[in-house]
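Visitor:
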Amino acid sequence: MRAKRRMSWEVVALVGLILVAFQWGASVPAQGGRVGAFQSYAKPLPLPDFSLEDLQGKTVHSKDSRGKVMILNFWATWCPGCRAEAASLGKLYDRFHSKGLVVFRVNTKESRETVLRFLEKDPSPIPVLLDEKNRVGKMLGVWVHPTSYIIDCKGLIQYRAMGTVDWTGIEGVSIVERLLGEKG
Amino acid sequence: MKAAAWFVFFLLVFQGCATAPPRRADTPVVPLSKANLEAVLEEHEGLEVIWQDAQEVRDFYRGGVQKKGQAEEKFREKSFPEAMKLYHQSNEFFLVVLDYIKHDSCEYVLFEGTKILFLPNLLLADNYLKAGRILSERGRESSARRKWKRALSYIDHSLSRERTEWGLEIEKELHSLLGTR
Numbered sequence: 167m168r169a170k171r172r173m174s175w176e177v178v179a180l181v182g183l184i185l186v187a188f189q190w191g192a193s194v195p196a197q198g199g200r201v202g203a204f205q206s207y208a209k210p211l212p213l214p215d216f217s218l219e220d221l222q223g224k225t226v227h228s229k230d231s232r233g234k235v236m237i238l239n240f241w242a243t244w245c246p247g248c249r250a251e252a253a254s255l256g257k258l259y260d261r262f263h264s265k266g267l268v269v270f271r272v273n274t275k276e277s278r279e280t281v282l283r284f285l286e287k288d289p290s291p292i293p294v295l296l297d298e299k300n301r302v303g304k305m306l307g308v309w310v311h312p313t314s315y316i317i318d319c320k321g322l323i324q325y326r327a328m329g330t331v332d333w334t335g336i337e338g339v340s341i342v343e344r345l346l347g348e349k350g
Numbered sequence: 003m004k005a006a007a008w009f010v011f012f013l014l015v016f017q018g019c020a021t022a023p024p025r026r027a028d029t030p031v032v033p034l035s036k037a038n039l040e041a042v043l044e045e046h047e048g049l050e051v052i053w054q055d056a057q058e059v060r061d062f063y064r065g066g067v068q069k070k071g072q073a074e075e076k077f078r079e080k081s082f083p084e085a086m087k088l089y090h091q092s093n094e095f096f097l098v099v100l101d102y103i104k105h106d107s108c109e110y111v112l113f114e115g116t117k118i119l120f121l122p123n124l125l126l127a128d129n130y131l132k133a134g135r136i137l138s139e140r141g142r143e144s145s146a147r148r149k150w151k152r153a154l155s156y157i158d159h160s161l162s163r164e165r166t167e168w169g170l171e172i173e174k175e176l177h178s179l180l181g182t183r
């Protein structure tokens, strides 16, 4: 009798567990197991033209980088993941800049003063562009920070990375090397 | 065993509560000037989402909105076969979204300081409403009614979370088309 009762509670617990698991599965957005990794595009689309100001107030046009491999890294000062990947992105920039890699850190929805204050404490060798109205972020469909796009020399968006990335890791480095090789 | 049955019963009841919240009449109506089709389309202009490249739930939402934008253009031009195809593609995107995020929100937070209109249920309902109108135009009344009934279930779900003037207008139109109110 006792064994029977125990068995019935085990069945109940199992059913409960399955129900909770289904509920959990339904509420967790699909990440495709790709957060922080590089997503390649089945159909690479051209980067739309845009112009943004840098920290010195000079207007930078995206089309001026046509023919070069470019990384656009969307970030904000309040984003811990952005701060975490800044150092490795800086190393990648230092390593490949002379070989033709262009990198822009595109700050979203923050003032020049806020960004300058932040960079005083946390300097970066990479040029920073200001997207105060999130115009370019919206155009590309940036949902999270950090998000980066890797654009080939033909101006096609080849990869997207959502979340923090180790830019000195083998995956990032080999993508950049390959795209720079295609350029040559 | 009886206790076990009650436990499962309550779990199912709670599950039901979690997915179908009751509509609250006391919440303020979100005006059409805030939540409308133009505003939704404008938020997702730019780089197109291709089905094969949609990876995140939000990619699917953006893709659904973009396809809807194209469908609306064809609908206005009275290119009905193309519009039907695009409404169907838009719905395919939105149905993936609803597998993961079930509720509409007029203030869905993307990231600090940035909110969007996130209305997959309402947009699905609007797509089904218009697809039904196309079918009705072609004399396929029963297929049209099926689409409108489907639209009604999505608009009901949308309004249970966000009482939008836009949604209430769609609901009113659906009831009038179905002759249910």
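If you read the sequences in order, they're chains A and B. Take any residue in the first sequence, note its place counting from 1, add 166, and you have its number in our numbering. Take any residue in the second sequence, note its place counting from 1, add 2, and you have its number in our numbering. The C-beta atom is built at its ideal place from N, Cα and C for all residues, glycine as well. All values derive from a computational prediction rather than experimental measurement.
(1) Can you tell me the Cα-Cα spacing of B:A56 and A:E337, whole angstroms?
(2) By the criterion of Cβ-Cβ separation under 7 Å, what are the contact partners of B:D55 in chain A?
(3) Which residues, in chain order, does the stretch 104 to 129 of chain B contribute to contact with chain A at a C-beta distance below 8 Å?
(4) Rounded to whole angstroms, what is the Cα-Cα separation between A:I237 and A:S206?
(5) I need the boundaries of the beta strand (DSSP E) containing B:C108, first residue and last residue.
(6) Got a sec: which bits of the stretch 261 to 275 of chain A sit with their beta carbon under 9 Å from any beta carbon on chain B, in order along the chain?
(7) Counting pairs of Cβ atoms below 8 Å between the stretch 65 to 73 of chain B and the stretch 30 to 37 of chain B, do you hit three or more?
(8) If we count the other Cβ atoms within 10 Å of its Cβ and call it buried at 16 or more, is B:F106 buried or exposed?
(9) Note down the Cα distance separating A:I341 from A:K320, rounded to an integer number of angstroms.
(10) Can you tell me whether A:L255 is helix, strand or coil according to DSSP?
(11) Taking the Cβ atom as the reference point for each residue, do A:V268 and A:S217 lie within a distance shorter than 8 Å?
(12) Kindly provide the ranges of any beta strand (DSSP E) runs that are 3 or more residues long and lie completely inside the stretch 254 to 301 of chain A, ordered along the chain.
(13) Along the chain, where does the beta strand (DSSP E) containing B:K117 start, and where does it finish?
(14) Give the straight-line distance between the Cα atoms of B:G48 and A:V302, rounded to the nearest whole angstrom.
(15) Are the beta-carbon atoms of A:L211 and A:S228 separated by less than 8 Å?
(16) Under a Cβ-count criterion, where at least 16 other Cβ atoms within 10 Å of its own Cβ denotes burial, should A:S314 be classed as buried or exposed?
(17) In whole angstroms, what separates the C-alpha of A:G202 from that of A:A253?
(18) Mapping the DSSP letters down to three states, classify A:P212 as helix, strand or coil.
(19) Does the pairing of the stretch 93 to 110 of chain B with the stretch 56 to 66 of chain B give three or more beta-carbon distances under 8 Å?
(20) Would you please verify whether the beta carbon of A:V235 is less than 8 Å from any beta carbon of chain B?
(21) Which partner residues of B:A56 appear in the DSSP bridge assignment?
(22) Which whole runs of the alpha helix (DSSP H) in the stretch 31 to 95 of chain B are 4 residues long or more, in chain order?
(23) Three-state secondary structure (DSSP) at A:A192?
(24) Quick check on this structure: which residue in A:S264, A:Q324, A:T274 and A:P246 has the alpha carbon closest to the alpha carbon of A:T330?
(25) DSSP on A:D332, reduced to helix/strand/coil?
(26) So B:W168 is in the beta strand (DSSP E); what residue range does that whole segment cover?
(27) Going by DSSP in three states, B:E164 sits in which element: helix, strand or coil?
(28) For B:R163, decide whether its Cβ has a neighbour in chain A, counting only Cβ atoms nearer than 8 Å.
(29) What does a CB cutoff of less than 7 Å around B:L126 pick up in its chain, not counting 5 residues either side in sequence?
(30) For A:W309, does the three-state DSSP call read helix, strand or coil?
Guide: So, from the data block:
(1) The straight-line gap from Cα to Cα measures roughly 21 Å.
(2) Y207, A208 and K209
(3) If you check each beta-carbon in the stretch 104 to 129 of chain B against every beta-carbon of chain A, the ones closer than 8 Å belong to K104, L112, F113, E114, G115 and T116.
(4) 14 Å
(5) S107 to F113
(6) T274 and K275
(7) no
(8) A small fix is needed here, since residue 106 of chain B is Asp in this sequence, not Phe. The residue in question, B:D106, is buried, as its Cβ has 16 or more Cβ neighbours within 10 Å.
(9) 15 Å
(10) helix
(11) Their beta carbons are not under 8 Å apart, which means A:V268 does not touch A:S217 by this criterion.
(12) 267 to 274 and 294 to 297
(13) Run containing B:K117: T116 to F120, per the beta strand (DSSP E) assignment.
(14) 9 Å
(15) With a cutoff of 8 Å on beta-carbon distance, A:L211 and A:S228 are scored as not near each other.
(16) buried
(17) In this predicted model, A:G202 has a pLDDT of only 45, less than 50, meaning its place in the structure is not dependable enough to derive any value.
(18) strand
(19) yes
(20) no
(21) Beta-bridge pairing links B:A56 to no other residue.
(22) 39 to 45 and 59 to 78
(23) Residue confidence is low: A:A192 scores 40 on pLDDT, short of 50, so the model does not pin down where it sits. No coordinate-derived value is stated.
(24) A:P246
(25) coil
(26) Taken as a continuous stretch (DSSP letters only), B:W168 belongs to no beta strand (DSSP E), being part of the alpha helix (DSSP H) at E167 to L180.
(27) coil
(28) Chain A, which has no Cβ nearer than 8 Å to the Cβ of B:R163, makes this no.
(29) N93, F96 and Y156
(30) DSSP, read as helix, strand or coil, puts A:W309 in coil.
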